[in-house]
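Residue numbers (the numbering used here), protein chains in the order written: chain A, 43 to 173; chain B, 152 to 681. Think of the CB as a built atom: it goes at the ideal place given N, C-alpha and C, for glycine as much as any other residue. Just so we're clear, the structure is a prediction, and the values are computed from it rather than from any experiment. To start, the structure under review is shown below, and the notes come after it.
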Amino acid sequence: MLLVASHGAALGAQGGALAVNPMGIPRYPQQTGEALYKGVCQGCHMADARGASGAGKYPALAGDPRLVAVAYPISVVANGQRAMPAFGTGFSDAQIAAVVNYVRTHFGNSFTDSATAADVLALRRPRPPDF
Amino acid sequence: MTGTPRAAMTRRSLLRMIGTVAGGSVMYQAMAKLAIAGESDFRVPVSLGGGGKGASVLILGAGLAGLSAAYELRNAGYRVQILEYNDRPGGRTWTLYGGDTYTELGGATQHVQFDKGLYFNPGPWRIPHNHHALLHYCQVLNVALEPFTQVNYDAYVHSTTAFGGTPQRYRTVHADFNGHVAELLAKCANQGALDAAVTREDREILLAAMRQWGALDKNYEYTKGLMTSGRRGYDTDPGGGLTSVPVPSDPIALGELLHSRLWASIAAGHGYDLQSTLFQPVGGMMMIARAFARELGNVIRYNCKVTEIRQSESGVTVAYTDTKTGGPPREAHGEWCVCTIPASILGQIPMTVGAPMQNAINALSYGASAKVGLQFKRRFWEQDESIYGGITYTDQVNSVIGYPNSGYMSQKGVLLGAYAFGPNAFAFTAMSPEERIATALECGAKIHPQYPAEFETGAAVAWHRVPSAMGCAATWDNALRAEHYDNLCAIDGRIVLAGEHASRIPAWQEGALLSSLDAVRRLHQRVASA
């Protein structure tokens with residue numbers, strides 16, 4: 043409600059990082075895995091991907107054994123998990139694949155298989171109709 | 152009554168009598184009962200009416216939900232205790248003042264350098280006229296309010312890709328958009344294009360309305376002249392004496408206006424929540440939290456990190472650690488528990504509740520938001536540009552420039568240099584505080600070239616980096632509401648949740664208060680009937 047009332051209008055504007063698709067859903071301008079990580083993910087998971095701890099925690103992605111199956115990070119990024127928002131509405135399939143591949147090959151992770159946009163398409167849940 | 156004929160008592164005369172005899176607050180309560188003032192589900196009197204029987208209630212979180220729960224339950228005869236993670240009351244109701252120190256997740260620490268009397272609200276900053284619960288508490292807690300300006304016709308709407316990046320006054324875009332639309336509609340009506348939709352008589356009324364609404368001339372055209380300049384402003388304002396002749400200004404052409412997309416920013420103040428009148432507490436939003444804390448005294452225990460919430464048939468036990476002194480986990484008990492911990496954090500705390508509530512907590516993700524406060528040596532927006540309060544909207548990542556709604560004509564001021572949601576907010580969150588400030592300065596300088604010469608100091612808060620919140624607000628959609636909302640709000644054994652996330656006004660303080668008042672009412676009914 044707050045979002046719609048105060049910023050729905052601004053999101054309709056063109057240019058800057060406020061580009062929207064025809065559905066009016068904001069898009070993220072970063073395209074490479076590195077740019078997406080540094081422009082979005084590190085907000086919570088931190089620049090070194092070691093996460094952080096306050097009243098709750100942000101999990102570390104550095105040396106995370108759960109990243110072994112590529113479907114897991116794809117699903118979490120696309121569909122969200124608990125407090126983590128779903129980025130499937132703002133990221134394209136290619137963006138999700140790029141950031142998953144970046145995380146799985148950095149921060150002490152060295153997986154050799156990689157995600158493709160087709161993998162993402164297969165795993166992403168459809169957007170709620172009223173989004 | 153006397154023997155004289157009884158005049159019919161109108162509702163207005165009744166209220167006037169109550170107001171005269173008993174004062175404004177009683178009149179307000181009467182008004183609310185007569186459903187004049189109470190269009191929200193806020194009910195007056197708030198009071199639970201006693202009957203708490205000395206039962207104990209443990210409240211988790213000292214934001215507005217927890218503070219109001221403690222206040223009402225204590226007044227009703229309960230023994231209350233609040234555990235709060237921060238070393239201050241308020242939660243997301245928070246103000247940064249000069250001298251404050253703030254360490255965000257990741258470890259970056261800011262020492263706020265604002266001058267005395269200047270401040271920045273990282274969280275909520277405005278109180279809509281229809282947020283009756285919040286206004287009620289401001290009244291009973293003696294929190295002084297002043298007007299918050301949402302729409303300032305002198306503020307700007309700005310796009311980096313329109314008008315060569317030159318900001319336009321809200322006034323001109325608003326007037327020209329209305330004028331052009333009125334002209335188009337009048338043209339349609341005159342050409343008979345609306346004959347299927349309006350009767351002949353209504354067409355005449357519509358034409359008259361379009362002339363008045365859009366400032367059209369006698370030919371139903373929106374043209375340069377004193378009439379349209381009376382809306383959009385003049386090149387030279389009317390004056391006095393020999394230099395008094397006003398010079399009208401040129402309206403923006405329809406095509407250019409449409410392509411600019413600046414029309415997208417002129418409706419922000421039309422929403423129910425943002426219509427005049429809005430308020431802000433004098434001295435910062437945190438004044439509300441401080442007023443509650445003053446009333447509650449040592450009921451609030453600060454620096455408590457909750458690590459587990461267990462309930463049995465007889466009560467609730469909460470394990471927590473003292474983040475200042477450390478040491479082994481401690482325990483607090485209550486026969487009942489009102490838990491206002493944000494779902495972003497609560498989902499990580501082991502808690503003995505049923506699957507419906509746990510699933511509801513786990514279903515909520517948290518949206519991003521970021522704000523930057525910038526102190527300038529002089530109030531150039533007032534001195535150079537006649538902007539007194541209100542908001543400029545831009546398509547840059549900072550999204551917003553908010554001008555201070557107090558201290559007009561004084562020397563210095565703190566601008567809200569950025570207020571971002573969505574992708575822009577994530578971008579700010581991923582930056583260091585210094586980068587956020589630099590970004591807000593860079594964006595702002597494209598609208599106000601005075602920025603570089605006048606900037607002094609800033610502070611930046613991204614809500615996913617706030618250790619006690621880990622996000623701005625819960626994100627709901629209709630499908631989530633249908634599946635989880637009732638389960639989130641329902642009492643589970645001896646635990647009830649409250650906060651903006653358990654309301655239908657997410658991200659607003661009013662949502663937190665209404666959620667809390669509803670939760671304690673239901674809890675009280677259960678206790679009273681036990």
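- Task: State whether the stretch 498-509 of chain B contacts the stretch 458-467 of chain B, with contact taken as three or more CB pairs (one from each stretch) at a distance under 8 Å.
- Result: yes
- Identify every residue that forms a DSSP beta bridge with leucine 211/B. Leu234/B, Cys490/B
- Item | Per-residue contacts from glutamine 499/B into chain A (C-beta, under 7 Å) | Gly98, Lys99
- Would you mind listing the alpha helix (DSSP H) stretches within the stretch 432-474 of chain B that are 4+ residues and don't spill past its ends, in chain order? 437-447
- Message: If we define contact as Cβ-Cβ less than 8 Å, is glycine 81/A a contact residue for chain B?
- Response: yes
- Message: I'd like to know whether the C-beta of tyrosine 144/A is nearer than 8 Å to at least one C-beta of chain B.
- Response: no
- glutamate 352/B versus alanine 340/B: straight-line alpha-carbon distance, rounded: 12 Å
- Item | Collapsed DSSP secondary structure at serine 310/B in the structure displayed | coil
- Run down chain A in chain order and give the residues with a C-beta less than 8 Å from the C-beta of phenylalanine 577/B. Tyr70, Gly81, Val82, Gly85
- Message: If we define contact as Cβ-Cβ less than 8 Å, is arginine 166/A a contact residue for chain B?
- Response: no
- Query: Helix, strand or coil: how does DSSP classify tyrosine 385/B here?
  - Reply: strand
- Query: By the criterion of Cβ-Cβ separation under 7 Å, what are the contact partners of serine 495/B in chain A?
  - Reply: Gly98, Ala125
- When you compare only the Cα positions, how much space is there between alanine 227/B and glutamine 264/B? 42 Å
- Message: Quick test of the definition: if touching needs 3 or more C-beta pairs under 8 Å, does the stretch 227-244 of chain B touch the stretch 517-531 of chain B?
- Response: no
- is_contact[leucine 75/A, chain B] using C-beta, thresh 8 Å: Here residue 75/A is glycine; the residue named in the question, leucine, does not match the sequence. Closer than 8 Å: no.
- CB contact check: glycine 182/A to chain B, cutoff 8 Å: Outside the displayed range of chain A (43 to 173) lies residue 182/A, so it cannot be described from this structure.
- Whole alpha helix (DSSP H) runs in the stretch 503-529 of chain B with 4 or more residues, listed along the chain? 506-513
- Message: Within 8 Å, do at least three Cβ pairs link the stretch 583-590 of chain B to the stretch 197-211 of chain B?
- Response: no
- Query: Any residues in the stretch 298-330 of chain B with a beta carbon nearer than 7 Å to a beta carbon of chain A? Which ones, in chain order?
  - Reply: Ser310, Thr311, Thr312
- Task: Report the rounded CA-to-CA distance for tryptophan 276/B versus threonine 545/B, giving the unit in angstroms.
- Result: 19 Å
- Within 8 Å, strictly: CB atoms of phenylalanine 606/B and leucine 592/B: yes
- Which residues, in chain order, does the stretch 461-493 of chain B contribute to contact with chain A at a C-beta distance below 7 Å? none
- Message: Going by beta-carbon coordinates alone, are proline 279/B and tryptophan 245/B separated by less than 8 Å?
- Response: no
- Item | Neighbour-count burial assignment, proline 64/A, 16 or more Cβ in a 10 Å radius | Note on proline 64/A: pLDDT 44, under 50, position unreliable in the model; no value is reported.
- Task: Verify the CB distance criterion: does alanine 160/A have a CB-CB separation below 8 Å to chain B?
- Result: no
- Message: Taking 8 Å as the threshold (C-beta atoms), are isoleucine 542/B and glutamine 261/B in contact?
- Response: no
- Which residues, taken in chain order from the stretch 515-535 of chain B, show a beta carbon closer than 8 Å to some beta carbon of chain A? Leu515, Ser516, Tyr517, Gly518, Ala519
- Query: Among all the DSSP beta bridges, which residues are the ones paired with leucine 567/B?
  - Reply: Gly524/B, Gly553/B
- Query: Hey, how far is the Cα of asparagine 510/B from the Cα of asparagine 629/B?
  - Reply: 16 Å
- Where do the ends of the alpha helix (DSSP H) carrying glutamine 534/B lie? 531-534
- Per DSSP, which one or two residues make a beta bridge with lysine 80/A? Lysine 80/A pairs with nothing; no bridge assigned.
- Message: Among Glu536/B, Leu218/B, Tyr253/B, whose alpha-carbon lies nearest the alpha-carbon of leucine 285/B?
- Response: Leu218/B
- Item | Helix, strand or coil at lysine 99/A [DSSP, three-state] | strand
- Query: For a contact meaning CB atoms closer than 8 Å, what does alanine 239/A contact in chain B?
  - Reply: Past the edges of chain A, shown from 43 to 173, lies residue 239/A, and the structure says nothing about it.
- Would you please state the rounded distance, in angstroms, between the beta carbons of isoleucine 646/B and cysteine 455/B? I believe it to be under 8 Å. Their Cβ separation, rounded to whole angstroms, is 17 Å, which puts isoleucine 646/B and cysteine 455/B out of contact at 8 Å.
- Message: Out of Leu165/A, Val119/A, Arg69/A, Gly130/A, which one is the CA nearest neighbour of tyrosine 144/A?
- Response: Val119/A
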